[in-house]
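Per numbering that gives the first Met the number 0, the very first residue in the sequence shown carries number 0; after that it's consecutive.
A virtual CB, placed ideally from N, CA and C, is assigned to each residue, including glycine.
Everything on this sheet refers to the single structure shown next.
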Amino acid sequence: MRTVIAVTNVKGGVGKTTSAVYLAAAAVRSGRGPAVVVDADPQASGAEWLEESPVVGVRVVEAPTARLVAKAMDAGREHLAVVDSPPGDERTVRAVLERADVVVIPTRVGGPEPSRVRATLELVAPGVRRGIVICAARTGTRDLDEAVARWADEGEDVWGVVPERVAIASGSGAPLSIVGLVHYENVLIRALARTRGRGSAR
Ligand SMILES: Nc1ncnc2c1ncn2[C@@H]1O[C@H](COP(=O)(O)OP(=O)(O)OP(=O)(O)O)[C@@H](O)[C@H]1O
Ligand SMILES: [Mg+2]
Numbered sequence: 000m001r002t003v004i005a006v007t008n009v010k011g012g013v014g015k016t017t018s019a020v021y022l023a024a025a026a027v028r029s030g031r032g033p034a035v036v037v038d039a040d041p042q043a044s045g046a047e048w049l050e051e052s053p054v055v056g057v058r059v060v061e062a063p064t065a066r067l068v069a070k071a072m073d074a075g076r077e078h079l080a081v082v083d084s085p086p087g088d089e090r091t092v093r094a095v096l097e098r099a100d101v102v103v104i105p106t107r108v109g110g111p112e113p114s115r116v117r118a119t120l121e122l123v124a125p126g127v128r129r130g131i132v133i134c135a136a137r138t139g140t141r142d143l144d145e146a147v148a149r150w151a152d153e154g155e156d157v158w159g160v161v162p163e164r165v166a167i168a169s170g171s172g173a174p175l176s177i178v179g180l181v182h183y184e185n186v187l188i189r190a191l192a193r194t195r196g197r198g199s200a201r
């Protein structure tokens, strides 16, 4: 039985691809692998990353349209699929969210970020587990603390606060950051809690 985690935010540049790659790698590292990353973004940055710097136990499949992503989310033997969503393309985003068991929403602190998270949340079906991950966070800042508190006030779970790290920003150009892997493993544990997987979930 497969669990599909959608990594989604309608906004670009928030940390979707980074989160998808790290979540899949953290799954393997913590004995929850193998995993497949379904790259639904025509930019294919997730696929390029994993081709340049393969992670043992993580397969990647490119599925840059609504039709292809629907198929790819079901295909393969891995128990865990992590879908990297494109920014903006609402048709593909909807196709991803329709089939997801759980949704991870990467975001940043400040500016227009909360409104884009809310727009993303509106696309998530009621009853589907979802949580926010604050990416490239400046730990110890008041802005960060206020952002976390605001999501709590709005009743949204914050599953992770991943600190800003040069090693994470390096993407495929550096080995995966241990700090990043540890943070994303904790996100994964929260994402998988009480998830029954597909099949029994519907
Ligand atoms: N924890 C972090 N520390 C430092 N940099 C980070 C961190 N997380 C993400 N980044 C950087 O933020 C930028 C955007 O991340 P990423 O490409 O994952 O976002 P995205 O949402 O997939 O973007 P797009 O919408 O263009 O696909 C990248 O340069 C990435 O390296
Ligand atoms: Mg991306």
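query                                                                                               : result
Isoleucine 167 CB to nearest heavy atom of ligand 1 below 7 Å                                       : yes
Neighbour-count burial assignment, methionine 72, 16 or more Cβ in a 10 Å radius                    : buried
CA nearest to the CA of isoleucine 167, picked from Val57, Ala135 and Asp152                        : Ala135
Reduced DSSP secondary structure (H/G/I, E/B, other) of alanine 26                                  : helix
Span of the alpha helix (DSSP H) around alanine 190                                                 : 177-191
Identified DSSP bridge partners for isoleucine 213                                                  : There is simply no residue 213 to check, as the chain begins at 0 and stops at 201 in what is shown.
Proximity test, lysine 15 beta-carbon vs ligand 1 heavy atom, cut-off 7 Å                           : yes
Assumed close pair valine 82, valine 101 - CB separation to whole angstroms, cut-off 8 Å            : About 11 Å separates the two Cβ atoms, so there is no contact after all.
Supposed contact pair leucine 49 and valine 27 - C-beta distance, whole angstroms, cut 8 Å          : About 12 Å separates the two Cβ atoms, so there is no contact after all.
Complete runs of the alpha helix (DSSP H) confined to the region 106-156 [at least 4 residues]      : 112-120 and 141-152
Per-residue burial, lysine 70 [other beta carbons within 10 Å of its own, 16 or more giving buried] : exposed
As assigned by DSSP and simplified to three states, the class of glutamate 50                       : helix
8 Å Cβ cutoff met for valine 57 and glycine 45                                                      : no
Check: serine 114 C-beta below 7 Å from any heavy atom of ligand 1                                  : no
Alanine 135 beta carbon near ligand 1 (any heavy atom closer than 7 Å)                              : yes
Start-to-end residues for the alpha helix (DSSP H) that takes in arginine 98                        : 89-98
For alanine 39 and proline 86, believed in contact at Cβ under 8 Å, the rounded distance            : Incorrect: roughly 11 Å between the Cβ atoms, too far for contact.
Supposed contact pair threonine 119 and asparagine 8 - C-beta distance, whole angstroms, cut 8 Å    : 5 Å
Boundaries (first-last residue) of the beta strand (DSSP E) holding valine 60                       : 57-61
Boundaries of the beta strand (DSSP E) in which aspartate 73 is found, first to last residue        : Looking at the DSSP string, aspartate 73 is not in any beta strand (DSSP E); the run it does join, the alpha helix (DSSP H), is 65-73.
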